[in-house]
């Protein structure tokens, strides 16, 4: 099952303000209207350094093919992930709700609409996944090393990781992965992250995701 | 097929020396014995900054499960990779030469020896891969978007990417991925990289990989 | 005046353990003896990724010549600093307690002992600093832009910044900046940081700073 | 004397194109019109990863107060710098050509126009610098360690460093440091870098610096 759980965080909107105000030897003890304006100014003019101070830690469970795109975001992130070299618990795989049709426009990965024989396709996928899992189990039963057996598992397999990232790093990920040319599946995860950050850093988050970058 | 091809590079042993010597307002025009000593001193004492200047670019083709570990190395690397969201050419998958047995010691992922019924296991894997590929093709034939169809492909699928990294970054990768607890498959790639770098940066490479870090 | 003040932090020893244990689909709720062993194993074998999750924020006041070396540590750090382009408050400068003698060994920047005419030297430095500050004030009084007037201020001027770094990043800084060839002044700051981190992350800190890297 | 000297570089516009085209399993052998369009598309839509592959190395000589802002740019840069802990050659200092007036608008550091008594101010600065240098020499003559003596040197002192950065990193620096609120002195260095990169990467550089980020 997909999940995005917040584990810990450091800072608030005020932390960003005070990181910025140190340039002027100033400090705020409570968020003022002037502070909000400053946050918007910083975000709008791409002065991102103050937004790198707040940190958030998540536990995320996502299919491997999504994780591979997620991990392209490196700057400002730390991650530790389950390894199927060491673990041989029952793998779980993802199946699309909507069997989206190919879009001839390569920039978009798919249309919103399902293909004509969506049910047949879904059944095909389920069967393929089942057979892969069955093979995986047989290999383990015959004492093959998990690090080899895992290689036939499908890329729709769920993986789990703990990720710490800065507010600035998550804002950048959010903006790149919620555009229309991002795959629907990764968009969902980016939005889940966004919901958490909007709660913890309401002024900063709004400013960051509406800036032009 | 696995491959590691060097595409371009910048620098040589002398570049490292001159990056270090700038601290002392010195410059070398030809590698001297003193320069070699300096390189060894820097590597031994973990003064790695001069080794970050030389850059090397590779085109690498490796199975996805190896790529996922490879990509954990982020600092000092840039990568661009083929995307099966946009490409639906025939996928190729990797199969182990030796069907290594599980090692009860979890730190090691496998024993050197094959399992008892290695041939049966290999056949099982081949059949599982074939069925996954067949399913993939059927999904594409029914017009499913490649970004969805790809999700049932096995993790042994080959992927290809262009990677630029600094000498220091490759040395760190090499050392972590050629230890005995690294999976055999990633060790092979690390050693292939090493062969190229040993040729281009003979003094530095030797110094870096024999340092204690 | 020199100062190192902790402003905020995220995590504890357990956070590192759980970042590591996610590889094995395990989680600890309280630090066990096994967890301590794991921390030591990770630090000793240079598996540093779990140590990148905890974050600490400091407000630091140090002379500019120290800050310049401090800032060489970039990976895993975020900083915002007072700018004398915008600020023209009275600058404060650092003076050495001990007027250390030149060491003919260039690897060491100085001997422990003072020069023969230490008092004369100190007076010279004080006078030079005073004259620079006086000139700075005169330039400001004649309406010269602070961004130009500041350029004649000495490198012993105190600067102030807010810095967020990961536990792993601080451990690396600590180890490189408390060696005998580091300048005494930066060693003091590294040790002050160390005192804070030893309190917040007792097991991890001890493991990290005694590892061989 | 200020200087920006290119020492080495890796890649060209085609390297960026081929890093991007690997996503589609394509490769170009000569830059086509389609390739130029691709470059512009990538830059405009902030798909910066292909621009991280080309690398350029410079030897730069700039005043310390400029270097401090320059070094804020960390991601994608490697640097080694002369150290006055080890070197005690005659320091050289920068003096402004135009003694710019304070601007009441703090976002701008200064007006374009000189202050009323510009000549008096210049003389003041020169005298202050001369006295600092004289004091520095006296301290050295009395055997004070260079690492201590250097601390009274003015922030206008020239420093020298070797810097390797990616095309993407330089484009970001250029854009942030050629805006009207950047200090004139750093703008000059950013533009010098720009002239070199425009020659080596004509299509990419134009695309990058005219994108909205």
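Residue numbers (my numbering), protein chains in the order written: chain R, 1136 to 1348; chain X, 1136 to 1348; chain B, 1136 to 1348; chain C, 1136 to 1348. Where a beta carbon is used, it is the ideal one built from N, C-alpha and C, also for glycine.
Item, Value
"Proximal chain X residues relative to residue 1210 of chain B, where beta-carbon distance stays under 7 Å", "1210"
"Under the three-state DSSP convention, the category residue 1139 of chain B falls into", "strand"
"Close-in-space but distant-in-sequence residues of the same chain around residue 1348 of chain B (CB under 6 Å, 5 per side omitted)", "Caution is warranted here: a pLDDT of 49 is assigned to residue 1348 of chain B, below 50, making its placement in the model unreliable, and the coordinate value is therefore given only provisionally. For residue 1348 of chain B, where only same-chain residues beyond five positions count, the Cβ hits under 6 Å are 1181."
"CA nearest to the CA of residue 1198 of chain B, picked from C:1160, C:1277, C:1283", "C:1283"
"Spatial distance of residue 1237 of chain C from residue 1247 of chain C (CA atoms)", "9 Å"
"Paired residues, beta bridge with residue 1305 of chain C - DSSP", "In the DSSP output, where bridge partners are listed per residue, residue 1305 of chain C has none listed."
"Supposed contact pair residue 1146 of chain B and residue 1147 of chain R - C-beta distance, whole angstroms, cut 8 Å", "Between residue 1146 of chain B and residue 1147 of chain R the Cβ distance is about 17 Å, and since that is not below 8 Å, they are no contact."
"At least 3 beta-carbon pairs within less than 8 Å: the stretch 1322-1335 of chain R vs the stretch 1154-1174 of chain R", "no"
"Distance, residue 1314 of chain R Cα to residue 1189 of chain C Cα", "27 Å"
"Within-8 Å CB hit, residue 1146 of chain X to chain C", "yes"
"As assigned by DSSP and simplified to three states, the class of residue 1266 of chain X", "helix"
"Simplified DSSP assignment, three categories, for residue 1348 of chain B", "With a pLDDT of 49 at residue 1348 of chain B, under the threshold of 50, the predicted position of this residue should be treated as unreliable, though the coordinate-derived value follows. Reduced to three states, the DSSP call for residue 1348 of chain B is coil."
"CA nearest to the CA of residue 1150 of chain X, picked from X:1272, X:1344, X:1338, X:1345", "X:1338"
"Candidates X:1345, X:1277, X:1332: closest to residue 1234 of chain R by CA position", "X:1277"
"Beta bridge counterpart(s) of residue 1228 of chain R as assigned by DSSP", "R:1292"
"Supposed contact pair residue 1274 of chain X and residue 1259 of chain R - C-beta distance, whole angstroms, cut 8 Å", "6 Å"
"Secondary structure of residue 1185 of chain X, DSSP reduced to three states", "helix"
"Residues in the stretch 1244-1259 of chain B having any Cβ partner in chain C nearer than 8 Å", "1244, 1245, 1246, 1250, 1251, 1252, 1255, 1256, 1259"
"Bridge partners - residue 1145 of chain R, DSSP secondary structure assignment", "R:1190"
"Selection of the stretch 1183-1208 of chain C by Cβ proximity to chain X, strictly under 7 Å", "1184, 1185, 1187, 1188, 1190, 1192"
"Near-chain X residues of the stretch 1257-1280 of chain R - C-beta to any C-beta below 7 Å", "1259, 1260, 1263, 1264, 1266, 1267, 1270, 1273, 1274, 1277, 1278, 1279, 1280"
"Length of the line joining the Cα atoms of residue 1306 of chain B and residue 1174 of chain B", "14 Å"
"6 Å CB neighbourhood of residue 1192 of chain X in its chain, flanking five on each side removed", "1142, 1143, 1299"
"Whole-angstrom distance between residue 1265 of chain X and residue 1196 of chain X, CA atom to CA atom", "20 Å"
"Closer than 8 Å to chain C by CB, residue 1295 of chain X", "yes"
"Option in C:1320, C:1345, C:1294 with minimal Cα separation from residue 1310 of chain C", "C:1345"
"Sheet register partners of residue 1279 of chain B (DSSP bridge)", "C:1236"
"Pair within 8 Å by beta-carbon distance, residue 1208 of chain C and residue 1304 of chain C", "yes"
"Beta carbon of residue 1206 of chain B nearer than 8 Å to that of residue 1206 of chain C", "yes"
"Endpoints, the alpha helix (DSSP H) within which residue 1220 of chain X is located", "Element bounds for residue 1220 of chain X: n/a, residue is neither H nor E."
"Within 8 Å of chain C by C-beta, residues of the stretch 1145-1171 of chain X in sequence order", "1145, 1146, 1150, 1153, 1154, 1155, 1157, 1158, 1159, 1160"
"Own chain residues within Cβ distance below 8 Å of residue 1287 of chain X, not counting five before or after", "1267, 1270, 1271, 1274"
"Under 7 Å from the C-beta of residue 1321 of chain X: neighbouring residues of chain R", "Ordered by position in chain R, no residue passes the 7 Å Cβ test against residue 1321 of chain X, which lies about 10 Å from the chain."
"Burial state of residue 1177 of chain C, where buried means 16 or more other Cβ atoms lie within 10 Å", "buried"
"Chain-ordered neighbours of residue 1324 of chain X on chain C, where CB pairs are closer than 8 Å", "Per Cβ cutoff of 8 Å: no residues; residue 1324 of chain X is ~17 Å from chain C at best."
"Per-residue DSSP class, three states only, for residue 1171 of chain R", "helix"
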